[in-house]
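First comes the structure, then the notes that go with it.
Shown next, in the form of structure tokens:
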């Protein structure tokens, strides 16, 4: 680049340098980007993996998202215990003590009232606690 360069050539050269710099920066960013394709049947845990990655590598969940996730955990816990109770009835499996029958009724009442997604009441917490 000699002394005989016009103003237009200088401007073009500066623009070219800026574009080259952006390309190098973009390439460096692309090298750090990891793309992942998750395949699987429904309910196999694909979204759970994404949520875990978000917790580990981002700022986690917002308050609203945490409230929603708590409801999912409450629901899954009560529903799973209810399924076990139904299976025990179906296969005529006896409870280890009469107290556990009372606990089963507490869980069934929560299901009947449609409160399985709500925070555990003290009564429900005692009923599902391992004794």
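Numbering (my numbering), first residue to last: 1 to 131.
A virtual CB, placed ideally from N, CA and C, is assigned to each residue, including glycine.
On a predicted model such as this, the values are computed, not experimentally measured, just so you know.
Within the model, the alpha-carbon separation for residue 84 versus residue 38 is close to 31 Å. A distance below 6 Å between beta-carbons, with the five flanking residues on each side excluded, links residue 95 to the following residues of its chain, in chain order: 101. Excluding five sequence positions before and after residue 19, none of the CB atoms of its chain fall closer than 6 Å to its own CB.
Distances from the CA of residue 119 to each of 53, 76, 5, 45 were compared; the closest alpha carbon is that of 76. For the 8 Å CB-CB criterion, residue 107 and residue 81 form a contact. When DSSP states are grouped into helix, strand and coil, residue 55 belongs to the helix group. By the neighbour-count definition (other C-beta atoms within 10 Å, threshold 16), residue 127 is a buried residue.
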